[in-house]
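Take a look at the structure below.
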Ligand code: HEM
Ligand SMILES: [Cu+2]
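In this note's numbering, the protein residues as written are 12 to 668.
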């Protein structure tokens, strides 16, 4: 147990150390010109920023006029912005243009596509055609490459762990050698399949990782050859129970350690090209690494138990049975710890990737995940049987080896399906994608999945998109889709925008219903033929207008709340009294949050004492808090807002002379 703890600690430490550059499915985050921008003159270049580092070789940005003629210089390159690409543009006349982009992730080589429009001069924005497939489905070769890799990693790591820490001393090293060579072949084959699948667009970083993985596979295979060579000389006497105590034992342990290290290295290459790395968070990478390690120790361990102990031994005598029972017990304890870790890490990752629990049956990603979860439960049930039924029998000296062989074989079969499901899962884009929209929220109402997107976070003209899905399919041809806007803080009446379908299941409206910053309720109405209207309310925070000198600050996320911060006057002047407003909306319902203690601390050009907010719902509306500031020195200030002790967020404030 202490050894196990040391290993887990080393591995976690390793994951933290190896974190470096990061990211997986590259999605549009923002661009210059922005989507739907209106320009006065031809732009010299287009820059797009993605949610993760793109690789220019597999990426492209096309600038097309309404006739489909290309006007860019075909010179896509990294832009120097984090995760950015750029392309130069020929001088182009007034009119509408479409930017069609393709981005290949430098981390996992997954390709995504999208497009947006901009217009030069006073003309209309051109329509944006729907991309057939924002993220093309994974190829069979990719899924196969992943499955072979994962299976090999699990078999190599799990076998090495088993023979080092779980198996009885003196088991025949030749049997584990078989498993290690199979593992090596699987890892090498899987890495090569993934390299071939990428072809010419293989991003260098991914190439290096897959190369390291293939090398780890070779090490596994090499390690497994040596004992067979060594065993050729002494003609082994098979000791009682088929358990061997021959051979140069002194070299067995170091070889097993090398195999374990190779398995861990291969597992690390999985994490370093995973969506966890793509999301760029250390904690999630550590979760992924723990997940791969613990899944490998369990699944590979079951196979090693089956092949190296159950199939090699017997339980003819009570003594044999008891010896087997002791091994089974040690493995059960290992498996319990491993499954606890793998389920915890898996569930936490799942929460990170899914938007709604309905994703489990409404997205291909979710379905793959659900398959995994169900099969893990079945395998756990079999494991529990081994633990509670066959283990105690063996330890009591009663024969149970045949039943154990049958059960571990069944488990092995289930693991193969789980690994295929994991391969599909990791090849697909997770539902929770970083969104290019200022507001992106999904609700499930009357069997429909409604995703509301609002293009920009400021008051004034905006684009509203409602994506309507039922199950896995988009809902097309709705009779009517409309948005009704009401403001929470003030009675500003109700405005309605009617949306048109711009792509399958994607309904779009443009207008300026949110004239004022604050909290807006957007009621969406979806009318389908011969059905009752489906309606729900999204609460959308709208930040201070871009005009009037101050830029619209994006809403802050503080603890569970969204906080909209703006000042009165909008452009802060040095030395003049200033009021800082904070509108706090919260939770899933997004309603105004009242009765909180807000506290502001300032850092900037000079000293400024902290302030507590005054809540004044009668004057300012519910959930609205204000800080009266006597006057600030000119410069850029960082205002750190704390909501109770639930969290803090930082608002940046420019005070002019
Ligand atoms: C025997 C059981 C399991 C095995 C062998 C297994 C295997 C794997 C493997 C090999 C990966 C890919 C990791 C990488 O490429 O870095 C993975 C990812 C993942 N697994 Fe599991 N897993 C198992 C159980 C579970 C369970 C029970 C859950 C959830 C409750 C789960 C949720 C996930 C999630 C969310 C990911 C991340 C997928 C992504 O990259 O977007 N897994 N699993
Ligand atoms: Cu990806």
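A virtual CB, placed ideally from N, CA and C, is assigned to each residue, including glycine. Every value quoted in this text rests on a predicted model; they were computed, and no experiment measured them.
Going by C-alpha positions, residue 541 is about 15 Å away from residue 459. Spanning the alpha carbons of residue 83 and residue 619 requires a straight line of approximately 50 Å. For residue 364, there is no enclosing beta strand (DSSP E); the enclosing alpha helix (DSSP H) covers residues 329-364.
With contacts defined by Cβ atoms closer than 9 Å, residue 570 and residue 468 do not form a contacting pair. Taking 9 Å as the cut-off, the Cβ atoms of residue 414 and residue 401 count as close.
As a beta-bridge residue in DSSP terms, residue 498 pairs with 531. Counting C-beta pairs closer than 8 Å gives three or more between the segment 180-191 and the segment 315-332, which meets the contact rule.
With 16 or more neighbouring CB atoms inside 10 Å of its own CB, residue 597 falls in the buried class. For residue 416 and residue 349, the gap between their C-alpha atoms comes out near 21 Å. Approximately 6 Å separates the beta-carbon atoms of residue 172 and residue 271; this is inside 8 Å, confirming the contact. Here the C-alpha atom of residue 539 lies approximately 16 Å from the C-alpha atom of residue 519. Using a 10 angstroms sphere on the CB of residue 456, the tally of other CB atoms stays under 16, which defines it as exposed. Around the C-beta of residue 411, 16 or more other C-beta atoms lie within 10 Å, and the residue is accordingly described as buried. For residue 338, the CB stays at least 8 Å from every heavy atom of ligand 1. A Cβ-Cβ contact shorter than 9 Å links residue 58 with residue 92. Listed in chain order, the beta strand (DSSP E) runs fully inside the segment 453-488 are 459-465 and 473-481, counting runs of at least 3 residues. The alpha-carbon of residue 67 is positioned some 46 Å away from that of residue 176. In the same chain as residue 516, and ignoring 5 residues on each side of it, the C-beta atoms closer than 7 Å to its own belong to 478, 479, 480, 485, 486 and 487, in chain order.
Judged by DSSP secondary structure, residue 189 falls within the alpha helix (DSSP H) whose first and last residues are 184-209. Contact between the segment 334-341 and the segment 349-369 is absent: fewer than 3 CB-CB pairs across the two stretches fall below 8 Å.
Fewer than three Cβ pairs drawn from the segment 300-312 and the segment 202-211 lie within less than 8 Å of each other, which leaves the two stretches out of contact. With a 10 Å radius around the Cβ and a threshold of 16 neighbouring Cβ atoms, residue 566 comes out buried. Within the model, the alpha-carbon separation for residue 200 versus residue 134 is close to 55 Å.
Exclusion of the five residues before and after residue 126 leaves 109, 110, 111, 112, 139, 140 and 142 as the residues of its chain whose Cβ lies within less than 8 Å of its Cβ. The residues 120, in chain order, have a CB closer than 6 Å to that of residue 209 in the same chain once the five nearest residues on each side in sequence are set aside. With a beta-carbon spacing of about 6 Å, residue 234 and residue 191 fall inside the 8 Å limit used to define contacts. Residue 318 sits away from residue 157, with the two beta carbons spaced by 9 Å or more. Note on geometry: alpha-carbon atoms of residue 70 and residue 81 lie some 16 Å from one another. When DSSP states are grouped into helix, strand and coil, residue 138 belongs to the coil group.
In chain order, 561, 589, 643, 664, 665, 666 and 667 place their CB closer than 8 Å to the CB of residue 583, counting only its own chain and leaving out the 5 sequence neighbours on each side.
In this structure, residue 66 has its beta carbon at no less than 8 Å from each heavy atom of ligand 2.
The alpha-carbon separation between residue 434 and residue 86 amounts to approximately 34 Å. The continuous stretches of alpha helix (DSSP H) do not include residue 409, and DSSP gives it neither H nor E. Judged by DSSP in its simplified three-state form, residue 308 adopts helix.
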